[in-house]
Structures are given as C-alpha cells and as structure tokens.
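Participant:
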Amino acid sequence: MNRNELLVVVIAVGLMAIPVSVISYSVITNTAVDDLTYETDTGLEVTATDAQVFESPPVVGNDTWTSGPLRLSSDGPASATVSDAAFDRSAVGIESVDARRNPVTVNRSDIGAVELDGQFDRFSTAGIDTTDDEPDFSYRAGENVTISVSGVPTDSGVAAVDEGRVVATDTAPNPEGTATFQDLPSGEQAIRVAEIPAELSIRDVTDGSLIDGSAVDVSLTPVGASEPSIQQTTSDGTINMTGLPVTERFAADLSAAGDYYDRRVRLPARIDQQPAYLLPDDDAVAAVSPRLTLDDQTGRFDEQRSVIRLQRPVPTASGTEYRTVAGDRLGSDGFGTAVQRNQRYRVIIVDPTAGQTYVSSLTPRTSSPTAVPIEAIQYNTTESIDGLNISTAYRSREDGDRLAVNLSNVRSADLSISEAGNASNLLLDDSYEQNVTADVPVPEETTDANWNADYEATTTNDAAISGQQTIRNPARQQQREAVVRAILSILLVVVLGSVAMRVSPALGGVVVIITASLLWLAGWMPPEAGLPSIGVGIVVGVLGVISGDRRSL
C-alpha cells in the first residue's frame with residue numbers, strides 16, 4: 382500500500398467514527414428543501430414542513446430536537462411534524478404527533494413543557510393558567526390520549542374540563558407542579574385545566590366576608606342520598622372537602638347558633654365550587670321567612686321533581702355578582718327559608734326530568750306563603766337556527782316592563798341579557814344545563830332601551846351554536862312612529878294651507894284649522910303642534926276676512 386492509499390484509509394476510518402447525529406447536523410442544517418426529516422439517536426423523527434420557519438438551524442441530540450426556543454424530545458421511537466405554528470408568539474402548535482410507542486415532550490422556553498402520549502392529528506397550547514375560564518390546550522385525535530402538563534398548583538388537584546364537563550382529573554399533582562390526564566376523549570377537543578377546590582368557604586351574604594369566629598355546623602349530603610358524607614363544625618369559616626368526588630353535588634345544611642339564620646342550599650360540584658352564604662340574624666338586617674311554592678301556568682314543571690335556587694347580588698373579589706344563597710327540592714310543601722326583606726332575588730326553577738329551567742325574580746316583603754308564577758308567555762319573535770329555537774318578547778305591564786327569552790332544543794347554554802349599546806348593563810349572565818326560559822324585570826331607569834340576548838349553546842344534536850337576538854322595546858318603536866306621524870301631519874297642514882291661501886287667505890285659515898283639528902283628534906298631530914297650528918289658522922283666517930272686507934270697501 383502506497384502513501385496515498387494509506388491516507389485514504391485513515392480518512393475513511395475517521396469519518397466512520399463520527400456519530401451519525403453529527404453528520405446529520407452538518408448536512409441537514411445546510412439544506413434548504415421542504416419536508417426535511419430529522420432523527421435523534423433514540424429514534425424521534427421530526428419532520429419540518431418548511432425549513433424557512435425555523436428561528437435558528439435545528440440541532441439534533443441524543444433524544445432531543447431543538448430549534449431556537451422549541452425542544453421536542455422522546456426516550457424512544459416516535460414522530461412529530463413541525464410547521465410555523467410551532468413558533469407562533471401566542472401558542473405552540475404541532476401539526477401531528479405519533480407518540481403511541483413512546484411519549485413526546487413539547488417544550489418552549491416561554492411555555493411550560495407538555496408530554497403527549499398517543500396519536501394526535503394536531504396539538505396546540507398557549508400554556509396552562511388555572512385562574513381563568515379559557516381553554517389551556519386543544520387537540521384532534523382519533524382515539525383516547527394522555528397528556529401531562531406543567532404549571533399547575535402543587536398543593537391541590539386539577540381537572541381537565543371540556544365545555545363544563547370534567548373529562549379527567551389528577552387529584553395529587555407532584556411537587557414540580559405537573560399533572561397527568563389519562564384517557565382524554567378523542568375528537569376535536571378544547572380543554573381547560575381547572576383547580577379543584579379543597580375547601581368550602583362560608584361567608585356573610587351582606588358583605589361577602591368570611592365567617593371567622595362564629596361556630597357553624599355543616600352537613601353535606603350527596604344529592605339523591607339520605608345520609609350525609611360530611612358533618613363538621615367550623616369556627617374559621619372553612620370546611621375541608623379533600624377526598625370528596627369532583628363532580629358530585631351536595632345539599633348543605635348550615636346552622637350558626639343564633640348569629641346567622643339556618644340555611645339549606647344545593648352546592649355546585651367541587652370543580653365549580655362557590656361559597657355558602659349565611660344571612661346575619663341581626664336587627665340591622667330585616668329578614669322574612671316566606672314559604673315558596675310553584676304556580677305553573679304552563680304545565681311544564683312538577684313540584685315534586687323541581688328544585689328551586691335563590692340568587693342575589695353578593696360582594697366578591699371580582700365585584701358584585703349574583704350567587705346562589707339558598708335552595709332545595711320544592712315538593713308539595715314548598716321551600717321555606719330566611720331572606721332579606723325588600724331585597725330582589727333571582728329565582729331559578731329546575732325540573733331535570735322535564736329538561737326545563739325557568740328564571741324569574743322575587744322581592745320578598747312578608748313571611749306569608751308566596752307562589753312563584755311560571756307564566757305562559759306570548760313571544761314577539763321566534764327564530765330557528767340549526768335545530769335551536771330562540772324566542773324573545775318585551776312585555777309592558779302595570780307592575781313594570783319585563784324581558785323574556787326562551788332557548789329550546791338545547792343540552793347546555795350560556796345566556797346573557799344586556800342593554801343594547803351598553804353591554805356593561807347586564808340583567809342576566811349565567812349557564813344552564815337544559816332548555817331555559819328567562820323572564821326578568823327591566824330596571825325603571827332603562828325602560829326606553831333596547832336589549833340584546835347573547836347565547837352560546839350546544840343543541841340536542843350536539844351542534845355548537847352562538848348568536849345574538851335583539852329584543853326591541855315597543856315604546857321606542859311607538860315613539861318613532863309618533864314622530865313620523867307628527868312630521869307628516871305638519872307637512873299636510875302646510876301643503877293644504879298653502880294651496881287654499883292661493884284662493885283666499887280666509888279659505889287658507891279655515892283649511893289649516895280643519896286639517897289640524899282632524900289630525901289632532903285622530904292622534905296623528907301632537908297637541909304641542911296641533912294647538913299652535915289651529916291658532917295660526919284662526920289668525921290667518923281672521924286677517925283674511927279683514928283683508929277681504931277692506932277690498933270690498
């Protein structure tokens with residue numbers, strides 16, 4: 382072997398000793414063709430749809446693929462497809478992930494790590510925030526998947542919530558603040574990560590303060606059960622609910638030994654937990670104890686099955702909000718409770734068997750038995766949208782104007798009613814789990830306004846529909862019509878009077894008087910225009926007569 386041949390052999394052996402990943406890095410990072418595929422030593426394949434989207438040339442390591450702030454990693458064979466969505470400023474999006482054999486971790490420096498287990502057609506996340514009601518991640522998958530997230534509270538459980546429904550939980554996140562949601566549903570999903578409250582707080586309904594210092598006996602009974610799950614006495618205004626089912630609803634009985642009125646209320650599930658509120662037994666707070674019954678004029682509600690909830694404005698950390706303060710099954714004897722006198726309460730009647738909810742209002746003034754009417758409403762407009770029916774009505778009554786909205790053929794619905802042009806003036810903003818009819822009073826200071834009913838609903842056919850329906854105030858329409866009639870009346874008086882005056886001023890005056898009088902009597906010309914017109918006609922007529930007499934002389 383000569384010297385040149387020996388040199389070639391040495392170079393070949395040296396090249397063979399270089400790790401494959403180094404060769405692929407040196408070659409691939411200088412390639413500018415579409416659909417590039419990178420592979421780590423562990424077998425993670427990352428396909429780029431366009432090399433131009435990278436913020437910096439990709440680096441392929443033992444188990445990690447990196448480009449700028451984005452890192453994808455796996456301990457074994459897996460695959461992912463990356464496009465410019467992965468570098469979006471507000472979220473990281475991965476086109477597809479096959480993590481059936483080994484989980485794939487997606488991590489970006491500005492967004493916490495997420496581990497994907499299963500096959501995903503698409504995945505996106507803007508990061509985890511358990512303090513809001515917005516979706517934290519979304520995906521599309523053909524079968525159930527498992528997702529682990531970071532950035533959750535370390536001292537409480539969390540749940541994955543899809544459109545108000547808990548689809549997975551992790552009741553004991555590890556100290557690093559991660560949580561794993563197993564067997565998440567297939568299909569197109571937008572998941573909100575929510576903290577599971579560990580405590581039930583008990584607060585004063587008048588000021589929202591925690592009842593700390595008064596002994597309160599609390600009994601929690603699962604709805605439909607006969608025996609309580611928890612019986613505790615608290616002096617600091619909190620009850621430990623750790624270990625209770627996340628989606629279970631409870632009937633709470635609270636007794637405060639003379640400082641506050643006894644209360645019975647149905648609590649929402651822990652995932653939607655709200656405080657329990659007590660009314661002070663104090664001379665400064667006037668209270669009455671009516672027994673509420675049902676006066677159903679529609680035949681849709683059964684007292685034995687129906688549940689009543691009373692809501693009222695309560696001070697909270699985010700402002701004054703309507704909160705449920707009392708409620709239970711009505712039954713044949715009705716529901717009795719202590720309430721604040723002359724305070725307007727929102728009354729919600731729910732018949733789960735009939736699939737109907739009715740929302741109205743009540744201002745208790747005495748302790749006499751009180752029937753809550755459910756009226757048969759005549760609606761002004763009805764519209765059908767992909768199976769959803771929405772009907773609205775503006776009703777002017779002697780006891781005050783009222784707005785009515787009905788949503789039917791729905792499985793769940795968010796409904797709000799606000800003043801048109803002033804969305805901050807809300808009369809109603811709540812969520813319901815079935816068909817709903819809202820019949821709410823209009824504040825006296827806004828009886829000349831139009832209103833908007835905004836809704837987001839899932840129909841019985843699982844179609845998601847949202848929209849807005851305007852509820853027009855008939856008084857505003859009547860005012861516009863009156864203005865039009867007045868303008869037309871004045872024009873008619875002017876035109877006829879002018880034509881007649883060409884014949885003679887006296888005739889013009891007579892025509893003005895007769896025309897204005899007839900229009901006034903017919904209700905077309907308002908008195909503030911009709912009387913001056915008649916006066917002008919008289920003056921013109923008299924002057925015309927005088928002028929005619931002078932000519933004859």
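So this note's numbering is basically just the index in the sequence shown, starting at one, shifted up by 381. Even glycine gets a Cβ: it sits at the ideal position worked out from N, Cα and C.
When DSSP labels each residue in this structure, what does S590 get in the three-state scheme?
Facilitator: The answer is coil: DSSP assigns S590 none of H, G, I, E or B.
Participant: When you compare the CB positions of Q692 and R727, do they come within less than 7 angstroms of one another, or not?
Facilitator: Contact flag set, yes.
Participant: Measure how close the beta-carbons of T896 and L877 come, nearest whole angstrom, since I'm counting them as under 8 angstroms.
Facilitator: Sure, about 5 angstroms apart at Cβ, within 8 angstroms.
Participant: With a cut-off of 8 angstroms on the beta carbons, I'd call I528 and V487 a contact; round off their distance for me.
Facilitator: Not really, about 10 angstroms apart at Cβ, beyond 8 angstroms.
Participant: Does T896 come out as helix, strand or coil in the three-state DSSP assignment?
Facilitator: Reduced to three states, the DSSP call for T896 is helix.
Participant: State the start and end residues of the unbroken beta strand (DSSP E) segment that holds Q613.
Facilitator: From DSSP, the beta strand (DSSP E) with Q613 extends over I611 to T615.
Participant: Inspect the CB distances between the region 789-809 and the region 831-843 and report whether three or more fall short of 8 angstroms.
Facilitator: Touching, per the Cβ criterion.
Participant: How do the region 599-616 and the region 637-644 stand: do at least 3 beta-carbon pairs fall below 8 angstroms, yes or no?
Facilitator: Flag = no, the region 599-616 and the region 637-644 do not touch.
Participant: Could you tell me how far apart the beta carbons of A785 and A819 are, in whole angstroms, since I believe they sit closer than 8 angstroms?
Facilitator: Going by Cβ atoms, the distance from A785 to A819 rounds to 7 angstroms, so yes, they are a contact pair.
Participant: Measure the Cβ-Cβ separation of R690 and T701 and say whether it is below 7 angstroms.
Facilitator: Their beta carbons are not under 7 angstroms apart, which means R690 does not touch T701 by this criterion.
Participant: Rounded to whole angstroms, what's the CA-CA distance from Y940 to V473? Just pull it up for me.
Facilitator: The displayed coordinates of the chain run from 382 to 934. Any statement about residue 940 would go beyond what the structure contains.
Participant: Taking the beta strand (DSSP E) that D634 falls in, what are its first and last residues?
Facilitator: From DSSP, the beta strand (DSSP E) with D634 extends over F631 to S636.
Participant: Please check the pair P750 and D676, which I expect to be a contact at CB under 8 angstroms, by giving their CB distance rounded to whole angstroms.
Facilitator: So it is not a contact: roughly 11 angstroms between Cβ atoms.
Participant: Would the beta-carbon of G715 fall within 7 angstroms of that of L769?
Facilitator: For G715 and L769, no; Cβs fall outside 7 angstroms.
Participant: Taking the beta strand (DSSP E) that L648 belongs to, which residues open and close that run?
Facilitator: R644 to L648 is the extent of the beta strand (DSSP E) around L648.
Participant: For T559 and Y739, what's the separation of their Cα atoms in angstroms?
Facilitator: One C-alpha to the other measures close to 41 angstroms.
Participant: Go ahead and label N443 buried or exposed: buried means 16 or more other beta carbons lie within 10 angstroms of its beta carbon, across all protein chains shown.
Facilitator: Exposed, because fewer than 16 other Cβ atoms sit within 10 Å of the Cβ of N443.
Participant: Whose CA, out of L902, E629, T550 and F435, lies closest to the CA of S610?
Facilitator: The shortest C-alpha separation from S610 is found at E629.
Participant: Any idea if G568 is buried or exposed, counting beta-carbon neighbours within 10 angstroms, 16 or more meaning buried?
Facilitator: G568 is exposed by the Cβ-count criterion.
Participant: Around the C-beta of P824, are 16 or more other C-beta atoms found within 10 angstroms, so that it is buried, or is it exposed?
Facilitator: Per the 10 Å Cβ criterion, exposed.
Participant: Report the three-state DSSP secondary structure of A472 (helix, strand or coil).
Facilitator: Here A472 sits in coil by DSSP.
Participant: Taking P694 as the reference, give the member of L808, A752, V574 and S582 with the closest Cα.
Facilitator: Of L808, A752, V574 and S582, the residue nearest in Cα terms is L808.
Participant: On a CA-only basis, which of S765, S460 and E608 is nearest S847? Give me that one, please.
Facilitator: That would be S765, whose Cα lies nearest to the Cα of S847.
Participant: Under the three-state reduction of DSSP, which class applies to I868: helix, strand or coil?
Facilitator: Helix at I868.
Participant: State the DSSP-derived secondary structure class of D465, mapped to helix, strand or coil.
Facilitator: It is helical.
Participant: In the DSSP assignment, what residue or residues form a beta bridge with Y760?
Facilitator: For Y760, which the question treats as bridged, DSSP gives no partner whatsoever.
Participant: Quick one: what does DSSP say D479 is sitting in, helix, strand or coil?
Facilitator: Three-state DSSP puts D479 in a strand.
Participant: With a Cβ-Cβ cutoff of 7 angstroms, do V627 and T561 count as a contact?
Facilitator: It is not a contact, given that the beta carbons lie outside the stated cut-off.
Participant: With respect to the beta strand (DSSP E) encompassing R521, which residues constitute its N-terminal and C-terminal limits?
Facilitator: F518 to A522 is the extent of the beta strand (DSSP E) around R521.
Participant: If distances are taken between C-alpha atoms only, which option among S460, T512, V791 and P656 comes closest to A942?
Facilitator: This structure leaves residue 942 out entirely; the chain is present only between 382 and 934.
Participant: How is S879 classed by DSSP in three states: helix, strand or coil?
Facilitator: Helix at S879.
Participant: For E825, which of helix, strand or coil comes out of DSSP?
Facilitator: The answer is helix: DSSP assigns E825 an H, G or I state.
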